[in-house]
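Below you'll find the structure, written out as structure tokens, and then a few comments.
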Amino acid sequence: MSCFRLRKWLRQAGVMLKPGKPSRHASSSVILPPAAKSFGAASGHGRRLQLADRILIELGIAQGHSPGEIASGLRVHRSTVFREIARHSLIAEDGRWGNHDAHYSAALAQFWADQARARPKAFKLETLPLLRRMVVAMLDQKLSPQQVSVRLRRLFPDDKNMQISHETLYQALYVQGAGALRHELKVEGAIRSGRKGRIPSSKLPARNKRSWLDGHRLADREEMLAAEHAGRKIPGHWEGDLVVGPNNSGIITLVERASRFTLLGRLPGTRDSTTVIDVLTTMVEDLPAAVKRSITWDQGTEMAQHSRFTVATGCPVFFCDPHSPWQRPTNENLNGQLRWEYPKGTDFNHVTDDELRTVQDMLNARPRVILDGATPSETLDELITTVALTD
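The sequence shown maps to residues -13 to 377 in our numbering.
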């Protein structure tokens, strides 16, 4: 740009030039205005850079200032300046800061920014009908946006047009078109939260700040020990519990820790130890030996006859400490998912075995974020195959 135009823009922005130490790039140094409002943009969090800001960035680069120094003068975060330079520089070879083959132009940067605002990008789900149909089908299966996102990445690893972030899905469900995507869902309650809007992050409950405990809890230790055997993740360690209802009804829930594979068994109207052990034995006895290594349970009296179960199946039973459900974290998570299907107060005497098997199959076919988009059924099959090949 011409020196005349540059000085005109700087005067309009309230920027003064004074003679400075010559450099190979410029012969003037910049005196930044005392307040950010002099740059033609509002100060504070999230403000957009204006032309005057970009002129100062160009001059700062020419004079050898670091992005952090430029950001300090503009009263913005240094990452804002880093992104601006990376996004709007003309690069000959590479984009590293300090490479003189990269040239930043305030005029070009402003032009590109104006063009980007003038032509907003179309929403991905509006331009890709096949992706939209798959997303709707998965949400109808009661998958969460995170589960939809990781499953699509797993199914289409090389096709960006068939991938979508969970945040984009949340926007489509709650924001874009007044949540038009939500109205396409065929299954009532397909959005598992049941909410019509997102909870602002400021309204979420405060997280436990004891970060020094992370990675050193009993559950973390057990997961580590279960995984460390010749560098393999070993299947066959289960966590179990009872989900109870009125009239002595209940179901046994078992979940395999490495794969999240689930088994459900309905109790026939009684929850005494003899009945629980009989149903549990039926659930486990036909499993391959490779997936019958242990079961962890709480100290409920329903497991008083656990030795009979171990004799029948060859699978030992271990017990948590009293009042310590967090020592069975995978099963607690499963019980929470199960309550979406069977809310508290459900009389399981009125649930048929076929209905329970349908729910079990649905849970085992549901992709999990922790499994990188794989389903529990797929993961358990892979683990069993791996163990068989290496034993």
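No residue lacks a Cβ here, since even glycine has one placed at the ideal position from N, Cα and C.
Since this is a predicted model, take the numbers as computed values, not measurements.
Could you give the DSSP three-state label for residue i: helix, strand or coil?
| i | result |
| --- | --- |
| His63 | coil |
| Phe304 | strand |
| Ile370 | helix |
| Leu129 | coil |
| Ile41 | helix |
| Pro232 | coil |
| Arg118 | helix |
| Lys330 | coil |
| Gly50 | coil |
| Phe68 | helix |
| Lys278 | coil |
| Arg33 | coil |
| Thr361 | coil |
| Ala244 | coil |
| Pro221 | coil |
| Ser293 | helix |
Do residue j and residue i have their beta-carbon atoms positioned less than 7 Å apart in this structure?
| i | j | result |
| --- | --- | --- |
| Gly379 | Ala276 | As displayed, the chain neither begins before -13 nor continues past 377, which places residue 379 out of reach and without an answer. |
| Ile238 | Gly255 | no |
| Gly322 | Val136 | no |
| Lys278 | Cys301 | yes |
| Ala102 | Arg40 | no |
| Gly54 | Arg64 | yes |
| Ala290 | Ser310 | no |
| Thr248 | Gln149 | no |
| Thr316 | Phe295 | no |
| Glu327 | Thr299 | no |
| Gly231 | Thr332 | yes |
| Pro362 | Ser245 | yes |
| Val355 | Gln132 | yes |
| Glu387 | Ala92 | Any question about residue 387 goes unanswered here, given that the chain covers just -13 to 377. |
Determine the burial state of residue i: buried for a count of at least 16 other Cβ atoms within 10 Å of its Cβ, exposed for fewer.
| i | result |
| --- | --- |
| Asn350 | buried |
| Gly286 | exposed |
| Trp283 | buried |
| Ser235 | buried |
| His169 | exposed |
| Leu366 | buried |
| Gly46 | buried |
| Trp224 | buried |
| Leu35 | buried |
Tell me residue i's beta-bridge partners as DSSP assigns them.
| i | result |
| --- | --- |
| Ser75 | Tyr90 |
| Thr378 | Residue 378 lies beyond the residue range present for the chain, which begins at -13 and ends at 377; the question has no answer from this structure. |
| Trp283 | Phe305 |
What are the boundary residues of the alpha helix (DSSP H) that includes residue i?
| i | result |
| --- | --- |
| Gly322 | 315 to 327 |
| Arg343 | 339 to 350 |
| Thr260 | 259 to 270 |
| Thr154 | 152 to 160 |
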